[in-house]
Amino acid sequence: MARFVPLSQAVAENLGNGDSVAFEGFTHLIPTAAAHEAIRQGLRDLTLIRMTPDVVYDQMIGMGLARKLVFSYAGNPGVGLLRRLRDAVENGFPHAIEIVEHSHAAMANAYEAGAAGLPCAIFRGYRGAELARVNPNIKFIECPFTGESLAAVPALRPDVTFIHAQKADRKGNVLIEGIVGIQKEAVLAAKRAVVTVEEVVDDFSDLHPNLTILPHWTVTDIAVVPGGAHPSYTHGYYARDNAEYLKWDKIAADRDLFRDWMQKNVLDATPEDFAARVEKLRDA
Amino acid sequence: MMSKPEFTPNEMMTIAASRALKNDDVCFVGIGAPSAACNIARLTHAPDITLIYESGTIGTAPDVLPLSIGDGELCDTALTTVPVPEMFRYWLQGGRITIGFLGAAQIDKYGNINTTVIGDYDSPKTRLPGGGGAPEIATSSQEVYITLAQSKRGMVEKIDFYTSFGHGDGGDHRERLGIDTRGPTLLITDLAIWKPDPVTKEFTVVSLHPGVTRDQVQETCGWAVTFADGVEETPPPTELELATLRDLKARTEAAHKGA
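Line order of the protein sequences matches chains A and B.
Oh and the first sequence: position 59 is 837 in our numbering, straight run, nothing missing.
Oh and the second sequence: position 176 is 210 in our numbering, straight run, nothing missing.
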């Protein structure tokens, strides 16, 4: 059964230096508060995994947490490039990082394979794509029945996955709705899973039978962090803070501006600060 | 007599792209320029078009253009929202997509797309976001439309990285790789409409937008442009198309400034 613990404890007891970790969220439900806690705790040498590393991965890379990045699209969605990531890749600042690059189809299949307990994922992909040349983890196999050439990539099995979700019940079952993305697969593929939630309710007994629910025994720890997905959003609770994503482009463009912003908004902040950040974005 | 509406090259691009979509298309929508074109199609001549974004939203009808592929607006207005692995496995790989609509940072004359790096992969001059869904959209969609504004930086003789495969080196390159989908069949820029030559697969100008000259197309393109026999003129935007696009852009801008 999942434990309900403060976020600082959940991060301290589940994430260690050198771990491979996915802070997943496909635009929606990005576990920003958990990632900020990892930054405050000064973790190092992480292998960061995520299909769509965006602002919060830019922050972790800029603060020097990452040794390696496994990803399929690294951008500030709808805004542009990730400037801290670019500084790391192009200039080795604050240090060089290793890049393992895939397509979305490959990452999605690889998480699914991890959740399914398979060693690899097989799919029709990477045909004519040059990533197959630069990523040695992309191979091709022949279908034993038809002879068709299919792509194969290793399953993703993070040491720990962090996600944000709408709510937990008192037992620690977790409900995810809206754009569910890769949340369920990323949790089931990982050795340990930490979920931040908006709130805890008594039970889920009156809900629709086909909702996406993670049973409490698939989750290691739960921390209640209202607003914990900001500046992304939580469907049914608050909207995406598009203005913040636009602002990030300027902040991340300058090393000193970035450092000052991180000091004020992350290092000197707490998980409790997130609630106020989404107040103006809550559904009327 | 009514005066002809004034319009920008970008508006012409979006509207020309929107016209290529049919009411019964199932379109996998890339973010940016494709997203605007697909929604103009839906708001004008193709009200029943199915728009799919890679975040899992199927049959979405956003009131404002999403900033990202996963804005809440897409989910709120969708027929259904599926997990991302299902999106790529059942709906894209399963062959359900009639049109994959992509933008591009860099493109060559065979419709190969680079959104990965400018320069060498291991020590890039500019690290771009990467492929995302595009490598498989480009090969699993029944056909692919591409839209981008013309520039010598964007339309090049040789792209720096083959993120998404178009027609490769041209001719039957797709068939030789065992790819049975049609690949890029249409390129819409701010100056012209291009279609691949039936044999060489090189993109060839078939229609110039109103007032655009052949020289302008060549000056903003990094390869020697081939013009089809009997190049047509793209019909200018109608008042309805232009008003629909401007309303959508105004609503979108107001919404994204938000909060």
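Heads up, the beta-carbon is just placed ideally off N, CA and C, and yes, glycines get one too.
Exercise for the section: Taking Ile222/B as the reference, give the member of Gly137/B, Asn73/B and Phe62/B with the closest Cα. Expected result: Gly137/B
Exercise for the section: Report the neighbours of Ile991/A on chain B: residues whose CB is nearer than 9 Å to its CB, in chain order. Expected result: Those do not exist, as Ile991/A stays about 13 Å from chain B at its closest Cβ, beyond 9 Å.
Handout entry: Under 9 Å by beta carbon: chain B residues contacting Ala1031/A
Key = Chain B residues near Ala1031/A: none, gap ~14 Å exceeds 9 Å.
Handout entry: chain B within 7 Å of Arg1060/A, Cβ atoms only
Key = no
Handout entry: Close-in-space but distant-in-sequence residues of the same chain around Thr822/A (CB under 6 Å, 5 per side omitted)
Key = Correcting the residue type first, residue 822/A is Arg in the shown sequence and not Thr. If we look at Arg822/A and ignore the five residues flanking it on each side, its Cβ neighbours are Asn795.
Exercise for the section: Check each candidate in Val973/A, Lys846/A and Ala1047/A and name the one with the smallest Cα separation from Val997/A. Expected result: Val973/A
Exercise for the section: Give the residues from the region 846 to 863 of chain A that approach chain D closer than 8 Å (Cβ to any Cβ), ordered along the chain. Expected result: Protein chains A and B are contained in the structure displayed, whereas chain D is not.
Practice task
For the region 800 to 811 of chain A and the region 1001 to 1020 of chain A, state whether three or more C-beta atom pairs, one from each stretch, are separated by less than 8 Å.
Solution key: yes
Exercise for the section: Using a Cβ-Cβ cut-off of 7 Å, state whether Val973/A counts as contacting chain B. Expected result: no
Exercise for the section: Go through its chain and collect everything with a Cβ distance to Glu45/B's Cβ below 7 Å, but skip five positions before and after it. Expected result: Pro271, Leu276 and Leu279
Handout entry: Start-to-end residues for the beta strand (DSSP E) that takes in Glu267/B
Key = Phe261 to Glu267
Practice task
State the Cα-Cα distance for the pair Ala1030/A and Arg862/A, rounded to the nearest angstrom.
Solution key: 6 Å
Problem - Other residues of its chain near Gly950/A: CB distance less than 8 Å, five sequence neighbours each side excluded - result: Met779, Ala780, Arg781, Phe782, His994, Val997 and Ile1000
Practice task
Quick one: grab the DSSP three-state call for Gln184/B.
Solution key: coil
Problem - Sheet register partners of Ala226/B (DSSP bridge) - result: Leu242/B
Handout entry: CA-to-CA distance, Thr132/B to Lys56/B, given in whole angstroms
Key = 10 Å
Problem - Listed by chain order, chain A residues near Cys109/B by CB distance under 7 Å - result: Gly956, Ile957 and His1013
Exercise for the section: Assign Val116/B to one of three DSSP states: helix, strand, or coil. Expected result: coil
Exercise for the section: Under 8 Å between beta-carbons, which chain A residues line up against Thr197/B? List them in chain order, please. Expected result: Ala907, Glu908 and Leu909
Exercise for the section: Just list the beta strand (DSSP E) runs in the region 822 to 871 of chain A, keeping only unbroken ones of 3 residues or longer that don't cross its boundaries, in chain order. Expected result: 824 to 828 and 844 to 849
Handout entry: As assigned by DSSP and simplified to three states, the class of Gly892/A
Key = helix
Problem - Identified DSSP bridge partners for Gln140/B - result: Asn148/B
Exercise for the section: Taking only runs that begin and end inside the region 882 to 931 of chain A, name each unbroken beta strand (DSSP E) of 3 or more residues, in chain order. Expected result: 898 to 901 and 917 to 920
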